[in-house]
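Chemist: Protein chains in written order, with numbering that gives the first Met the number 0: chain U, 0 to 322; chain Z, 0 to 322; chain D, 0 to 322; chain V, 0 to 322.
All C-beta atoms, glycine included, are put in the ideal place defined by N, C-alpha and C.
Protein chains: 4
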Amino acid sequence: MKIKAGIIGGAGYTGGEMLRILVNHPSVEIAFVHSNSNEGNLISDVHTDLFGDTDLRFTGTLSADIDVLFLCVGHGDAKKFLAANPIAPSIKIIDLSQDFRLKANAADQWVYGLPELNREAIRTANYVANPGCFATCIQLALLPLAAKGLLKGEVHINATTGSTGAGQSLAATSHFSWRNNNLSVYKAFEHQHLNEIGESLVQLDGGFDSVLNFIPQRGDFTRGILASVYTESDLSAEELQDLYASYYEGHVFTHVSAKNIDLKQVVNTNKGLLHVEKHGNKVFVVSIIDNLLKGASGQAVQNMNLMFGLEERQGLALKAAAF
Amino acid sequence: MKIKAGIIGGAGYTGGEMLRILVNHPSVEIAFVHSNSNEGNLISDVHTDLFGDTDLRFTGTLSADIDVLFLCVGHGDAKKFLAANPIAPSIKIIDLSQDFRLKANAADQWVYGLPELNREAIRTANYVANPGCFATCIQLALLPLAAKGLLKGEVHINATTGSTGAGQSLAATSHFSWRNNNLSVYKAFEHQHLNEIGESLVQLDGGFDSVLNFIPQRGDFTRGILASVYTESDLSAEELQDLYASYYEGHVFTHVSAKNIDLKQVVNTNKGLLHVEKHGNKVFVVSIIDNLLKGASGQAVQNMNLMFGLEERQGLALKAAAF
Amino acid sequence: MKIKAGIIGGAGYTGGEMLRILVNHPSVEIAFVHSNSNEGNLISDVHTDLFGDTDLRFTGTLSADIDVLFLCVGHGDAKKFLAANPIAPSIKIIDLSQDFRLKANAADQWVYGLPELNREAIRTANYVANPGCFATCIQLALLPLAAKGLLKGEVHINATTGSTGAGQSLAATSHFSWRNNNLSVYKAFEHQHLNEIGESLVQLDGGFDSVLNFIPQRGDFTRGILASVYTESDLSAEELQDLYASYYEGHVFTHVSAKNIDLKQVVNTNKGLLHVEKHGNKVFVVSIIDNLLKGASGQAVQNMNLMFGLEERQGLALKAAAF
Amino acid sequence: MKIKAGIIGGAGYTGGEMLRILVNHPSVEIAFVHSNSNEGNLISDVHTDLFGDTDLRFTGTLSADIDVLFLCVGHGDAKKFLAANPIAPSIKIIDLSQDFRLKANAADQWVYGLPELNREAIRTANYVANPGCFATCIQLALLPLAAKGLLKGEVHINATTGSTGAGQSLAATSHFSWRNNNLSVYKAFEHQHLNEIGESLVQLDGGFDSVLNFIPQRGDFTRGILASVYTESDLSAEELQDLYASYYEGHVFTHVSAKNIDLKQVVNTNKGLLHVEKHGNKVFVVSIIDNLLKGASGQAVQNMNLMFGLEERQGLALKAAAF
């Protein structure tokens, strides 16, 4: 008996990644893929790499005969959708927008869906707010320190994202002629993901109130986020390595590499990789994820697996692109 | 009872892709991964994207307790390896080099491993010579015409390959500073894959003796081959569409798109996509594959699936990179 | 006494390249840069690489006190502009659109501005229709053969263009997430530049009526066109090399390389490079240009230099990007 | 009467850029281009974009009939070269290696060749040590603060370099298949350029002893460095803008943009662009240069212009690649 999944906003980038994963997920049946703009069109007309893999079409109507609903819509639109379309309480919801990530915005029944932070709560949740991509990448770098109350000084974060982080809407900063071989900073010190990162750190360390300095950058690649993160630490290199290895033991997608890492080690996978060094009085962490997978749709399926009692890696043993 | 697979030359690009596929293949157990240069090292030290996925190490010795042996070695080295290391007749062999592709170079027991041409022969083969990447892409564009004896005039082929086609050895033409944003022609009219293409066309059409004009190009991307192919044809656009659709019916990885196609539709998959147009008296075909998958390791696993009676797509329902 | 130049359509890609050249041209003074959409804005707000180099602003009005007018507008808009804005006969006009390239569309006073074909006529022209980018690249490959009446069989052309060839308007095929690491064919056999190429070949060889088969491709780089061209020829490799070297002797921007060439040799220059080989009964030519320079604004300035009796390379001794 | 220039190490990347600039420099004549590995070869056989622009050949011997000598050799080799080849005192020397940048390594007659720091000293110098690429980019971001004694707290620097920064030698980290669409950190907190940056800051502010935290990154583009830099500051946004604008007034290549900047604004130019923001108690500076020009050969020619009393921009009014 397969899990019946519905997808809202199936024509966007996160919707497409959801489909690429779910068409091969052994325990899931795609019940419908909703799109306002593409009703009636073949899914493979929009996500053209799925040509030959599925004959599904986008629908303009919803079906109540589902077990889980993925909201792959823009920020603000998830809340509007749920207000306009009451969903039966028996249906679990996973929202990929930012609408329910912050406690101030979400009823208590919403769980922040970062398994490395909230795995047990996710297992029993009905509603999961899937974390942001930058937020996931940066939190993976900081959780082990926060869990031990070791985040005392200012934190310095520089993270570069691939172009798919900006979605499929056309914009000057995603024009190929501009972005190719280019690099730029945006929203320095003011990226909206700082809020959800802060809430998670407080969850682990009630007294956390350090400054997070975050410089986001637009990279000239399509997939992935690399964050470089440092702060003061009294621990030795060995203690830090042990701290991180210990924290992530048993987390099937997140691993700590003793060797230096590079972004393409995780592209097209649901993995997070970390590398920890000590320099002077600073702990330095490099963290990498695929922004569309561990940073969005892959993590959403990971959350679904947890919510339905499936093995966490089901459907997510993805072949890395590697090159 | 899983198929036990051995890999020779596991540290190269095709060896790496083989491992990325086989670690997730439900019917295969990797018995050993041989490498002269990396004996004793972790596989994930070389193929770093596999960090967290496998603890296997390269071996310097062979085991006879296998069902299938993949030769992922350079051209010329497969023949040398088999001469120096007699393999028990019960073990099936799939060679990814060019050593056994041409009839003049191979004993009769070798089958040319292009399922779209030789599926039935592959099912019963003990030894399969896996086709070249350009050769696969170009043959997919020509087989339907050859099968009907319709290749009468000169054939005009331009095909651009990603950098992984040149393997991992360092070279001036694979230096990032040179290749990025660059394009160049090489081996015009003289690429070695013309020979295996010619043999396949003769197999389908004993009278085939047309000239194949082939311009290979080095593209500034990592994965994939796009071939544009045309020749004279009396058929109408509809007849051509029918001819191609009919030929590829039942071929699970190769599909004919009525819409124009672009390379990334197949990147990181084992698929071949074709698009056929008629212009004046010419049939024009665009053919795309991932050079490391349908053009190498993916097709090798497809062949293994056929040789062992498995479902052809097993282990090969790969998530496209898409971006 | 400097030449006073006006630019219409200064906010687009060819307008920007015109400005990048003219701000350093020793014999030119930029009189005005017209833009409907950017009147009053700093030029460096649009062409941001010019920040620090010029304080000019776009104007919404024209000045008659100029010696030359460059039309850097879209196809169709040059004709409309000249109909709506009568230009004094004393002002020379160089149009970068396709509006006046074909004899059927242009009064006799318009000269097709390919110096390698029409240098002497350009010197005395008042109105020059600047060639298309593909058209320039392909004609450079064919002119020496046509000049000797040696284009007898079908001609086979495959040419890949950088993304700037599509201008700055946002489109799905110029979205970074789509185009990066991608390749695709468009307008196969039907590109509009075939017409102007055909007219030039007839100009050199009145009896020319061969078929030009032209496959244009969209490359994943920003600048440049590489065309690979072949046709039947009775000449030997040496005779061909001599023919091309002889034809281009004295052409300061177009050179014949005895060695293989790659696209980045000409990127950010006004040069055209050619490489000629003989294979069987075919002559094979690789031709490369920068689509925005020799294929557009650079050639326009080259034409201006000729029209005003300046040294042809003035302002065009551009440093190659090289990498 | 032109300045006669000799180049040692002309076959490398900085040697090539030197040649691309000097072949068009109105006041310079290239006397010889020395290369151990390429003696007798055409310069355009190595720097193939110069084909058609120069018929010069590499020499294996030196000529004393020069006015200036550029050392474009590897780190350590400049010192060795000068020890083995005594240069007449009348000949000025500009060294692009790191051999003479630090006071501890250089006799007093060597001047650190950053015009934005030492313009007047450079004008009268006989020997100039050209700054490192990262060092140039980062110093441009910090000099105005240091000049006023305002660098009091720790400084946080993240800078990403293009692949040409690693030169033309083949390496795993410059292999196209690896580097394309990739990003990685290296030498975190330990890059050798920290030393020369520190000396400059002490020169401006004798009391400077803040910690410089520097994370270098390898980008997947060929040219350019973008540094994001921040530290504590009591100044307001307006005061900071004024401070930077005032410091760089009269510096012809370095400009402060009120708008956000992106790397390609300076690619293929000798410019440095800066953008300054205030966030909370931090001043945030983005600094961009082309690593091969303002970060190497362009700055070397700028220094030459100063040393010989030429206009500073001579030969350096380079057309930006822009795309």
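Between L49(Z), S176(Z), G75(Z), which has its C-alpha nearest Q264(D)'s C-alpha?
Modeler: For Q264(D), the nearest C-alpha among the options comes from S176(Z).
Chemist: With DSSP as the reference, please indicate the residues paired to I156(U) in a beta bridge.
Modeler: DSSP, once it has assigned bridges, lists F213(U), V228(U) as partnering I156(U).
Chemist: How many Å lie between N37(Z) and S43(Z) at the Cα?
Modeler: Taking the straight line joining both Cα atoms gives about 11 Å.
Chemist: Within 8 Å (strictly less), CB to CB, does S173(D) reach chain V?
Modeler: No, its Cβ sits nowhere closer than 8 Å to a Cβ of chain V.
Chemist: Does DSSP put H74(Z) in a helix, a strand or coil?
Modeler: Coil, per DSSP.
Chemist: If I measure Cβ to Cβ from A134(U) and keep anything under 6 Å in the same chain, skipping five residues before and after, which residues do I get?
Modeler: So the qualifying residues of the chain are H192, E195, I196.
Chemist: With distances taken Cα to Cα, identify the nearest neighbour of A63(V) among D76(V), I90(V), T230(V), Q313(V).
Modeler: That would be I90(V), whose Cα lies nearest to the Cα of A63(V).
Chemist: Look up E276(V) in the DSSP assignment and say whether it is helix, strand or coil.
Modeler: DSSP places E276(V) in strand when its eight states are reduced to three.
Chemist: If the cut is a Cβ gap below 8 Å, which residues of chain D does H33(Z) touch?
Modeler: Residues of chain D passing the Cβ test: none, with the nearest at roughly 32 Å.
Chemist: Is the beta carbon of S232(D) closer than 8 Å to that of N157(Z)?
Modeler: For N157(Z) and S232(D), no; Cβs fall outside 8 Å.
Chemist: Count the CB pairs spanning the segment 245-256 of chain D and the segment 202-219 of chain D that are closer than 8 Å, and state whether there are at least three.
Modeler: No, the segment 245-256 of chain D does not touch the segment 202-219 of chain D.
Chemist: Cβ closer than 8 Å: which chain V residues qualify as neighbours of S36(Z)?
Modeler: Those within 8 Å of S36(Z) in chain V number zero; the least Cβ separation is about 14 Å.
Chemist: Determine, using beta carbons only, whether Y12(D) comes closer than 8 Å to chain Z.
Modeler: For Y12(D), the answer is no, since every Cβ of chain Z falls outside 8 Å of its Cβ.
Chemist: Mark H46(Z) as exposed unless 16 or more other C-beta atoms lie within 10 angstroms of its C-beta, in which case mark it buried.
Modeler: Looking at its Cβ environment, which holds 16 or more other Cβ atoms inside 10 Å, H46(Z) is buried.
Chemist: Roughly how many whole angstroms lie between the Cα atoms of N304(U) and L116(U)?
Modeler: Computed Cα separation, rounded: 16 Å.
Chemist: For A103(V), does the count of other Cβ atoms within 10 angstroms reach 16, so buried, or fall short, so exposed?
Modeler: A103(V) is exposed by the Cβ-count criterion.
Chemist: Does the Cβ of P85(Z) have 16 or more other Cβ atoms within 10 Å, making it buried, or fewer, making it exposed?
Modeler: Counting Cβ neighbours within 10 Å, P85(Z) comes out exposed, since fewer than 16 surround it.
Chemist: Compare the C-beta of L41(V) against all C-beta atoms of chain Z and say whether one is closer than 8 Å.
Modeler: Chain Z contact via Cβ: absent.
Chemist: Nearest-angstrom Cα distance between A171(V) and H274(Z)?
Modeler: Straight-line Cα distance between these residues: approximately 37 Å.
Chemist: Quick one: using the 10 Å Cβ neighbour count with 16 as the cut-off for buried, is M17(Z) buried or exposed?
Modeler: Buried is the call here.
Chemist: With a CB to CB cut of under 6 Å and the five nearest residues on each side skipped, what residues in its chain are close to E198(U)?
Modeler: Excluding positions up to five away in sequence, the list is empty.
Chemist: Checking the sheet assignment: what are the DSSP bridge partners for K3(Z)?
Modeler: Per DSSP, E28(Z).
Chemist: At what residues does the beta strand (DSSP E) containing T253(U) begin and finish?
Modeler: Segment 253-255, the beta strand (DSSP E) holding T253(U).
Chemist: Taking Q15(D) as the reference, give the member of L315(D), S296(D), G164(D), L309(D) with the closest Cα.
Modeler: According to the sequence displayed, residue 15(D) carries Gly and not Gln. The option with the nearest alpha carbon to G15(D) is S296(D).
Chemist: To the nearest whole angstrom, what separates the beta carbons of I7(U) and H33(U), a pair I think is in contact under 8 Å?
Modeler: Right, their Cβ atoms sit about 5 Å apart.
Chemist: For chain U, check one thing: does any of its Cβ atoms lie closer than 8 Å to the Cβ of S256(Z)?
Modeler: Output row for S256(Z): interface = yes.
Chemist: Helix, strand or coil for S245(D) per DSSP?
Modeler: Residue state, collapsed to three classes: helix.
Chemist: Using a Cβ-Cβ cut-off of 8 Å, state whether R19(D) counts as contacting chain V.
Modeler: Yes - at least one Cβ of chain V is within 8 Å of the one on R19(D).
Chemist: Does L292(Z) come out as helix, strand or coil in the three-state DSSP assignment?
Modeler: Of the three classes helix, strand and coil, the one that applies to L292(Z) here is coil, per DSSP.
Chemist: Please list, in chain order, the chain V residues whose beta carbon lies closer than 8 Å to that of G15(D).
Modeler: The contacting residues are A321.
Chemist: Which full runs of the beta strand (DSSP E) of 3+ residues lie inside the segment 121-192 of chain D, going along the chain?
Modeler: Entirely contained in the segment 121-192 of chain D, the beta strand (DSSP E) runs reaching 3 residues are, in chain order, 126-128, 154-160.
Chemist: Could you tell me the distance, in whole angstroms, from the CA atom of T58(V) to the CA atom of A87(V)?
Modeler: Taking the straight line from one Cα to the other gives about 19 Å.
Chemist: Does any residue of chain V have a CB that is nearer than 8 Å to the CB of E276(U)?
Modeler: Answer yes: the Cβ-Cβ gap between E276(U) and chain V drops below 8 Å somewhere.
Chemist: Determine, using beta carbons only, whether D219(D) comes closer than 8 Å to chain Z.
Modeler: Closer than 8 Å to some Cβ of chain Z, the Cβ of D219(D) qualifies, so yes.
Chemist: Which of the three DSSP states is assigned to K102(V) in this structure?
Modeler: Looking at K102(V) - three-state DSSP - the assignment turns out to be helix.
Chemist: With DSSP run on the structure shown, which of helix, strand or coil describes V265(V)?
Modeler: In the structure shown, V265(V) sits in coil (DSSP, three-state: anything other than H, G, I, E or B).
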